[in-house]
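This note's numbering applies: residue 67 is where the sequence shown begins, and numbers increase by one.
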Amino acid sequence: AHGILDVERDGRSAYYLVVNPNALNVLDCIRKHAPGSSVAPGSSARPRS
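Rendered as structure tokens:
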């Protein structure tokens, strides 16, 4: 989906960044309704340079 994520590459690693703030509401809903899922806040997060 265009406009939701951006990617930064660092060698073989890729860091996906949420660029659409509305997408965070969807992620919050997933976290709220799927306890025990592998969606964790800040997982593999890296500050944008």
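Here a beta-carbon is modelled for each residue, glycine too, at the ideal position from N, C-alpha and C.
None of the values given here were measured: they were computed from a predicted structure.
* Kindly identify the DSSP beta-bridge partner or partners of Asp76. => Ser79
* Three-state class that DSSP yields for Val84 in the structure shown -> strand
* **Close-in-space but distant-in-sequence residues of the same chain around Leu71 (CB under 6 Å, 5 per side omitted)** => Tyr82
* **Spatial neighbours of Ala111 in its chain, beta-carbon cut-off 7 Å, leaving aside the 5 residues before and after** => Because the pLDDT of Ala111 is 49, which lies under 50, any placement of that residue in the model is unreliable, and the question is left without a value.
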